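To start, the structure under review is shown below, and the notes come after it.
2 protein chains.
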Amino acid sequence: MAKEKNVEQITDMDVDFAQWFTDIVTKAKLIDYSGVKGFFILRPYAYALWENIQSVLDGMFKELGHENVAMPLLIPESLLQKEKDHVDGFAPEVAWVTHGGSEELAERLCIRPTSEVLFCEHWKNVLHSWRDLPMLYNQWNSVLRWEKSTRPFLRGREFYWQEGHTLHATAEEAEIETQNMLDVYATFCEEYLAMPVVKGKKTDKEKFAGALATYTVECMMHDKKALQSGTSHYFGDGFAKAFEIQFSDKNNQLVYPHQTSWGLSTRIIGGIIMTHGDNNGLNLPPRIAPVQAVVIPIASHKPGVLEKADELTTRLKAAGVRVKIDKSDQSPGWKFAENEMKGVPIRIEIGPKDIENDQCVAARRDTGEKQAISLTELEKRVNELLEEIQTNLFTRAKENLKNNTRDAATLDEMKAIFNEHGGFINTMWCGSQECELKMREEAGVTSRCIPFDQKKVADTCPICKAKADTMVVWGIAY
Amino acid sequence: MAKEKNVEQITDMDVDFAQWFTDIVTKAKLIDYSGVKGFFILRPYAYALWENIQSVLDGMFKELGHENVAMPLLIPESLLQKEKDHVDGFAPEVAWVTHGGSEELAERLCIRPTSEVLFCEHWKNVLHSWRDLPMLYNQWNSVLRWEKSTRPFLRGREFYWQEGHTLHATAEEAEIETQNMLDVYATFCEEYLAMPVVKGKKTDKEKFAGALATYTVECMMHDKKALQSGTSHYFGDGFAKAFEIQFSDKNNQLVYPHQTSWGLSTRIIGGIIMTHGDNNGLNLPPRIAPVQAVVIPIASHKPGVLEKADELTTRLKAAGVRVKIDKSDQSPGWKFAENEMKGVPIRIEIGPKDIENDQCVAARRDTGEKQAISLTELEKRVNELLEEIQTNLFTRAKENLKNNTRDAATLDEMKAIFNEHGGFINTMWCGSQECELKMREEAGVTSRCIPFDQKKVADTCPICKAKADTMVVWGIAY
Numbered sequence: 001m002a003k004e005k006n007v008e009q010i011t012d013m014d015v016d017f018a019q020w021f022t023d024i025v026t027k028a029k030l031i032d033y034s035g036v037k038g039f040f041i042l043r044p045y046a047y048a049l050w051e052n053i054q055s056v057l058d059g060m061f062k063e064l065g066h067e068n069v070a071m072p073l074l075i076p077e078s079l080l081q082k083e084k085d086h087v088d089g090f091a092p093e094v095a096w097v098t099h100g101g102s103e104e105l106a107e108r109l110c111i112r113p114t115s116e117v118l119f120c121e122h123w124k125n126v127l128h129s130w131r132d133l134p135m136l137y138n139q140w141n142s143v144l145r146w147e148k149s150t151r152p153f154l155r156g157r158e159f160y161w162q163e164g165h166t167l168h169a170t171a172e173e174a175e176i177e178t179q180n181m182l183d184v185y186a187t188f189c190e191e192y193l194a195m196p197v198v199k200g201k202k203t204d205k206e207k208f209a210g211a212l213a214t215y216t217v218e219c220m221m222h223d224k225k226a227l228q229s230g231t232s233h234y235f236g237d238g239f240a241k242a243f244e245i246q247f248s249d250k251n252n253q254l255v256y257p258h259q260t261s262w263g264l265s266t267r268i269i270g271g272i273i274m275t276h277g278d279n280n281g282l283n284l285p286p287r288i289a290p291v292q293a294v295v296i297p298i299a300s301h302k303p304g305v306l307e308k309a310d311e312l313t314t315r316l317k318a319a320g321v322r323v324k325i326d327k328s329d330q331s332p333g334w335k336f337a338e339n340e341m342k343g344v345p346i347r348i349e350i351g352p353k354d355i356e357n358d359q360c361v362a363a364r365r366d367t368g369e370k371q372a373i374s375l376t377e378l379e380k381r382v383n384e385l386l387e388e389i390q391t392n393l394f395t396r397a398k399e400n401l402k403n404n405t406r407d408a409a410t411l412d413e414m415k416a417i418f419n420e421h422g423g424f425i426n427t428m429w430c431g432s433q434e435c436e437l438k439m440r441e442e443a444g445v446t447s448r449c450i451p452f453d454q455k456k457v458a459d460t461c462p463i464c465k466a467k468a469d470t471m472v473v474w475g476i477a478y
Numbered sequence: 479m480a481k482e483k484n485v486e487q488i489t490d491m492d493v494d495f496a497q498w499f500t501d502i503v504t505k506a507k508l509i510d511y512s513g514v515k516g517f518f519i520l521r522p523y524a525y526a527l528w529e530n531i532q533s534v535l536d537g538m539f540k541e542l543g544h545e546n547v548a549m550p551l552l553i554p555e556s557l558l559q560k561e562k563d564h565v566d567g568f569a570p571e572v573a574w575v576t577h578g579g580s581e582e583l584a585e586r587l588c589i590r591p592t593s594e595v596l597f598c599e600h601w602k603n604v605l606h607s608w609r610d611l612p613m614l615y616n617q618w619n620s621v622l623r624w625e626k627s628t629r630p631f632l633r634g635r636e637f638y639w640q641e642g643h644t645l646h647a648t649a650e651e652a653e654i655e656t657q658n659m660l661d662v663y664a665t666f667c668e669e670y671l672a673m674p675v676v677k678g679k680k681t682d683k684e685k686f687a688g689a690l691a692t693y694t695v696e697c698m699m700h701d702k703k704a705l706q707s708g709t710s711h712y713f714g715d716g717f718a719k720a721f722e723i724q725f726s727d728k729n730n731q732l733v734y735p736h737q738t739s740w741g742l743s744t745r746i747i748g749g750i751i752m753t754h755g756d757n758n759g760l761n762l763p764p765r766i767a768p769v770q771a772v773v774i775p776i777a778s779h780k781p782g783v784l785e786k787a788d789e790l791t792t793r794l795k796a797a798g799v800r801v802k803i804d805k806s807d808q809s810p811g812w813k814f815a816e817n818e819m820k821g822v823p824i825r826i827e828i829g830p831k832d833i834e835n836d837q838c839v840a841a842r843r844d845t846g847e848k849q850a851i852s853l854t855e856l857e858k859r860v861n862e863l864l865e866e867i868q869t870n871l872f873t874r875a876k877e878n879l880k881n882n883t884r885d886a887a888t889l890d891e892m893k894a895i896f897n898e899h900g901g902f903i904n905t906m907w908c909g910s911q912e913c914e915l916k917m918r919e920e921a922g923v924t925s926r927c928i929p930f931d932q933k934k935v936a937d938t939c940p941i942c943k944a945k946a947d948t949m950v951v952w953g954i955a956y
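Taken in sequence, the protein lines are chains A and B.
For the first sequence, my numbering begins at 1 and goes up steadily by one.
For the second sequence, my numbering begins at 479 and goes up steadily by one.
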C-alpha cells in the first residue's frame, strides 16, 4: 500500500532543523500557541507524555523518601531579595503582580521563577529539631521567566517542571543528596528516554544563582547541540543563614541546616523530539510513549477484520501494552502517516490476508522494518519489539554522542574541529573565568560541564597555556 | 497506658467550630501560612491526601475518555472580556500582572481565576470538523481569586483544583456530559470521602458566571452548614458564539459546538475535616487516607518487639495496606495522640505481651474501640476493619444529613425551625429571584440547590404565596 503523507509536509531536518522542530510540535499535535508570547498550550498528546515522565520520576523520588508539597504561586518582592545572588539572577526576568481585584497592592508580588525562597520561608516556620530533618520535598508546578526569545518546550515564559528542595542536618548529607538526585536524572534520561548523558559539574559562571555548586546532565541533540536536561544544586548553608533557618541539634545547639534543590522540566520533551525524531515526525522511546502500539485494520469493511483488530487490541491491553486501535474513516495510508508523525513505536496492521494466515504485520517506527507476527506469539513479540526499539534508540543516540565528541589540545585545533564538525569538544581548562569567556569569544562555544569522567587531553589550558588538570566539555547549548 | 495529649490542645469543636478547624489544619500539619494573605502551603500530609483524591478522580475522568492538558497561567484582559456574564463574574476578583521583567506590558494579563476563555481560544484554533469532536479535556492546576476574607482550604486566594472543559457536537451530548460529571462527583464524595451529597441544580442567582445551568453536589458539615463540593456547568453555545468557534458537521455545514465545564477543588479537604473530624483531630476515610494503619511498637527496647513490628508492617504493605511504622524515640502515648490528630484510621499496637499471645491490638480511629487481632488473621482483619470504618463514617455522616434536614411550609415555620436547629430546610419556591433574595433577608439562608430528589412539602411559595411546584433546599454555606 502506498504511504500517503499528511497534507502538509514537515520541513527536512537537514535543511532547517529549527523549522523541522517547530513543524513537529504542531503537526504531532503537541503544542498550540496561546495569545501571549511564550505561553504554550500542552495538548493531550504532549501532556500524556509529560504524565508518563511525571509518573516514573515521581516514583523514583518517593522511593528515596521524598514527599510532594505545594508552595504558593506568588513571592513578595522583599522575600525574593533576601538572598543576594539569587535575586540578582532572577529579578530581571520575573512577572510582577501589582493589582488584586481593583486595588493596588502595598507590595509587588512576583510569579515564582523558582521556589527556593518560599521553601526557606516555610522551613523557618516549621523546622525546630534534628528530629524534623531531613526534609525531602518536591513539587510539580509551572514557573514563569520573562524570556525575550521563546520556543515551544525549549524556552517558554511559562514552563512545567518539578523542583525538589531538601534540607539536611549536615553538609555531607546535603552533598550526597545532590549527587543522588543527579544520578536519578541520569538514570531516567538513559533508561526511559533513551538519551545518553554527560554527567558533570557546571563552572561557576554557569551555575544556578545562589548555589555553591550545580551539577548537570547534558545530552546531545541530533544537530549536535547540547541540551541541559536536569540540574542538581548544592547550596551549603547560604540560604539558611540569609533566612535565619536554624534547628537544635542532638547536643541542643542551634545550628544551620544545609540545602539542595534539583529540577527537570518540559524542556526534556524538546530533547526527546530532537534526539530521536526524523523527517517523518516524532520517534518515541517505548517506555515513555503514551501509545506504544497502534492497531490499524486494513480493508476494514471486509467481514471479520474489525472484530479481529479489536481482539488484538484487547489482548495487547491485557498484556500491559499501551495500545490504541484506529477505526476512523480515514484511509490506512493516512493513518500510517499520522501515527508515524506521532512517533508511535509499533504499528500493527491486520487485514483479510493476515487473518487467513493467522498473523499480523508489525512495522517499527525506528527502522521502518516490517515483519509478520504469528498471532499465537502476539504479546510476546510485541513486548520484545518494544524493548528492541528502546535499546536501538539508545544505541543510536549514544553513537551520535560518541561520534560527535572530540578532543582538542590547542585553541586553533579546537576552532578547526568545531568549525568542521560542531558537536562537543573536550579541552583542558585552567579554571579561570577569563579563559572561559575568551573561549566563547574565540570559538563560539560555552562550557557545558566539567565531566565526572575526566581524561587528560593535553597538559595546558588552550587559552592561557597555564598548566591545567581539569577537562571541560564545550558546545553550543539550547 | 495513659494517653498523653500533644502539648497544645485543640479547641473544642462544640465551643468554637471555626477555631477547631483552624487548629486542626495546623496541628495535623496540613497547612502552613505563607507571607501573602490567602496563600496557603500544602504540607506533605495535605498534599498526599490531595494526590489520593487526584488519583481516584483522574482515573474516573480517563475511564470516561477525558484527556489532561495544560493551559497557560495568564489571560489577556481583552480575552477575559469576550463573554460578558463571565467577565462580570470574575474581573472584580483577579490578580493583574502589569510588568514582565523591567518592562511594563502593553496589555494587562490576569492570572486565571478559571480557564473557560483559554479553552475557547484554543478550540477556535484547533476545531475544524465533526471528526474532532467531542473534545474531552481536563487540567489539574491552581487558580487565583482575590478574596477579601480567606481560610485554609475553604477560601484561598490561590487554590488547587481540576477543571474539566468539554466541547460537543450537540446540545444533548453536552447536557449528558454535564450530568455524567455531576454523577462522578457524587460517586466520588460518597464512596471515597464518605460524604453523602444532595444532588441538584443551582438557581439562576447561584449559577456560574456565563453558564446556562449549574449543577452541584452539596454536603452537610458537622456544624450543619453546607459545603458546595463539586459543580458541573452547561454552557450551551454561548461561549462558542462569543468566541466564534465553529465546525463543519457531517452535512458540511458550519455550526456552533456546545460546551461544559466542571470542577472540584482542595476545598473538599476542608469538607473531609468538617465532616468526619472530632476533638482529637482528623478522622480520615480509609479509601483516601495517606496512611491507613500505623504500627506502634510498645516497650520497643524489649527483645523482639521492633523485629515483630517490622514484620507486621511488611506483611500489611504486601497486602496492599498503606501502612507506616513509627519507630521514633517519642513515647507511645505521644504517638497515639499524634496519629489520632492525623486521623490515621487504624493504630496497631504490638508489645511483648502481644507477641507472647501471637496477637496485636488494633484501635479504630472512628470509634476508639480496641480489639485483639490474631496474627494469623492480620491482613484479613485489617482490611475488613478499614471497610468497616469507611462504612461507619459514611453512615454517621448520612445520619447527620438526614437528622438535620427538615421541611417547612411557611416562612414563619422556616424561621422557627432554622433558628432552633440550623441545618438544611426544604421549602417550595415559585422560581422568582425576588423571593429567593427575600428568603435570605428574612431567614439568613441561601438556596443550596433545587434537589433532583423533589417532594411536595407544601402547595405554595413561602414568600409570595404563589402556587409553586419546585422544592429548594436552603442553608448557610461555606
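Glycine included, C-beta positions come from ideal geometry on N, C-alpha and C.
This structure is a prediction, so every number in the text was calculated from the model and none was measured.
Tell me the rounded alpha-carbon separation between residue i and residue j.
| i | j | result |
| --- | --- | --- |
| serine 281 of chain A | methionine 13 of chain A | Here residue 281 of chain A turns out to be glycine, not serine, going by the sequence shown. When rounded, the distance between both Cα atoms is 10 Å. |
| phenylalanine 17 of chain A | proline 152 of chain A | 14 Å |
| lysine 302 of chain A | asparagine 339 of chain A | 23 Å |
| glutamate 668 of chain B | threonine 869 of chain B | 10 Å |
| glycine 164 of chain A | aspartate 204 of chain A | 21 Å |
| valine 783 of chain B | isoleucine 833 of chain B | 8 Å |
| arginine 145 of chain A | isoleucine 828 of chain B | 53 Å |
| asparagine 6 of chain A | tyrosine 45 of chain A | The predicted model places asparagine 6 of chain A with a pLDDT of 47, which falls under 50 and marks its position as unreliable; any figure quoted below should be read in that light. About 18 Å. |
| arginine 480 of chain A | glutamate 77 of chain A | Residue 480 of chain A lies beyond the residue range present for chain A, which begins at 1 and ends at 478; the question has no answer from this structure. |
| isoleucine 298 of chain A | valine 361 of chain A | 11 Å |
| threonine 445 of chain A | aspartate 278 of chain A | Per the sequence shown, residue 445 of chain A should be read as valine rather than threonine. Using only the alpha carbons, I get a separation of about 26 Å. |
| valine 94 of chain A | glycine 156 of chain A | 13 Å |
| glutamate 650 of chain B | glycine 714 of chain B | 9 Å |
Provide the residue span of the beta strand (DSSP E) that contains residue i, from first to last.
| i | result |
| --- | --- |
| valine 801 of chain B | 801-803 |
| serine 265 of chain A | 258-265 |
| serine 925 of chain B | 924-929 |
By Cβ distance below 8 Å, which residues in the same chain neighbour residue i in space, the five residues on each side in sequence not counted?
| i | result |
| --- | --- |
| arginine 315 of chain A | Leu378, Glu379 |
| glutamate 581 of chain B | none |
| threonine 114 of chain A | Phe90, Val143, Glu163, Ser261, Gly263 |
Go through its chain and collect everything with a Cβ distance to residue i's Cβ below 6 Å, but skip five positions before and after it.
| i | result |
| --- | --- |
| alanine 458 of chain A | Ala409, Met428 |
| serine 457 of chain B | Absent from the structure is residue 457 of chain B, since the part of chain B shown begins at 479 and ends at 956. |
Can the beta-carbon of residue i be found less than 7 Å from the beta-carbon of residue j?
| i | j | result |
| --- | --- | --- |
| glycine 579 of chain B | proline 92 of chain A | yes |
| alanine 841 of chain B | lysine 831 of chain B | no |
| leucine 133 of chain A | alanine 169 of chain A | yes |
| isoleucine 41 of chain A | serine 34 of chain A | yes |
| alanine 186 of chain A | valine 217 of chain A | yes |
| glutamine 232 of chain A | tyrosine 215 of chain A | According to the sequence displayed, residue 232 of chain A carries serine and not glutamine. Their beta carbons are under 7 Å apart, which means serine 232 of chain A touches tyrosine 215 of chain A by this criterion. |
Only counting the same chain, and skipping five residues up and downstream in sequence, which positions put a Cβ closer than 7 Å to that of residue i?
| i | result |
| --- | --- |
| lysine 82 of chain A | Val117, Ala242, Phe243 |
| glutamate 482 of chain B | Any answer about glutamate 482 of chain B is weak, because its pLDDT of 47 lies below 50 and its placement is not dependable; what the coordinates show is given next. Cβ within range, chain order: Ser809, Gly811, Trp812, Ala815. |
| leucine 73 of chain A | Ile111, Arg112 |
| leucine 790 of chain B | Val773, Ile826, Ile828, Cys838, Leu856 |
| alanine 480 of chain B | Residue placement at alanine 480 of chain B cannot be trusted, given a pLDDT of 40 that sits under 50; what the coordinates show is reported in the next sentence. Contacts found: Gly811. |
| alanine 944 of chain B | Cys908, Thr938 |
| phenylalanine 208 of chain A | Thr214, Thr231, His233 |
Quick one: does the C-beta of residue i sit closer than 6 Å to a heavy atom of the ligand GDP?
| i | result |
| --- | --- |
| lysine 380 of chain A | Judged by which ligands are present, the structure shown has none, so any question about the ligand GDP falls away. |
With respect to the alpha helix (DSSP H) encompassing residue i, which residues constitute its N-terminal and C-terminal limits?
| i | result |
| --- | --- |
| asparagine 426 of chain A | No alpha helix (DSSP H) holds asparagine 426 of chain A; the beta strand (DSSP E) holding it covers 424-429. |
Stretch pair the stretch 286-303 of chain A + the stretch 45-53 of chain A: three plus CB contacts closer than 8 Å
Three or more Cβ pairs drawn from the stretch 286-303 of chain A and the stretch 45-53 of chain A lie within less than 8 Å of each other, which places the two stretches in contact.
For the stretch 137-144 of chain A against the stretch 112-129 of chain A, are there 3 or more C-beta pairs whose distance is under 8 Å?
As far as the Cβ criterion goes, the stretch 137-144 of chain A touches the stretch 112-129 of chain A, which means the pair count is three or higher.
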